[in-house]
Amino acid sequence: MSWYVLQCKPNQVRRAQEHLDNQGFAIWCPSHKVRRIVRRQVTVCDEVVFPGYLFIELDPQHTNWRALNSTRGVARVVSFNGAPFPVPEDLMAAL
């Protein structure tokens with residue numbers, strides 16, 4: 232199993248997460264806590280590290296890439312030279 236990156240359509244990350252989850256995929260959207268001042272009060276909220284992108288864990292041998300591209304909210308699978316590019320394991324561990 233390897234991790235890949237999906238680019239989502241504008242403002243549709245949650246929609247893509249929901250539909251991919253319904254299809255049984257393992258997805259991850261890294262976020263961190265941020266303090267912000269809103270109306271003169273400090274609030275803590277989650278901020279997405281990579282806006283517009285999701286990580287998805289897949290078996291490259293048994294994956295229908297076209298089904299992923301046609302999922303609501305998903306724009307495309309990030310690829311190089313026409314082939315989906317797996318994220319290196321050491322990079323995923325660092326995130």
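Quick note: the numbering used here has the sequence shown finishing at residue 326, numbered continuously throughout.
Backbone N, C-alpha and C define an ideal beta-carbon position, used for all residues, glycine too.
Check: With burial defined as no fewer than 16 other Cβ atoms inside 10 Å of the residue's Cβ, what is the status of Gln248: buried or exposed?
Finding: buried
Leaving out five residues on either side along the sequence, give the residues of the same chain with a beta carbon under 6 Å from the beta carbon of Glu288. The answer, listed in chain order, is Met232, Trp234 and Ala257.
| request: Can you give me the start and stop residues for the beta strand (DSSP E) that Gln238 sits inside? | output: Ser233 to Cys239
| query | Any idea if Val244 is buried or exposed, counting beta-carbon neighbours within 10 angstroms, 16 or more meaning buried? | reply | buried
### Query
Looking only at its own chain, which residues have a Cβ that is under 7 Å from the Cβ of Ser262, when we skip the five neighbours before and after it?
Correct list, in chain order: Asp277, Glu278, Val279 and Val280.
Exercise for review: Compare the C-alpha of Tyr284 against each of Pro319, Ala314 and Val308 and name the closest.
Suggested key: Val308
Practice task
Please name the residue or residues paired with His263 in a DSSP beta bridge.
Solution key: Glu278
Could you spell out the range, first to last residue, of the beta strand (DSSP E) harbouring Leu285?
Tyr284 to Leu289
Inset, instruction - Have a look at Val273 and Pro291 and give me their C-alpha separation to the nearest angstrom. - result: 44 Å
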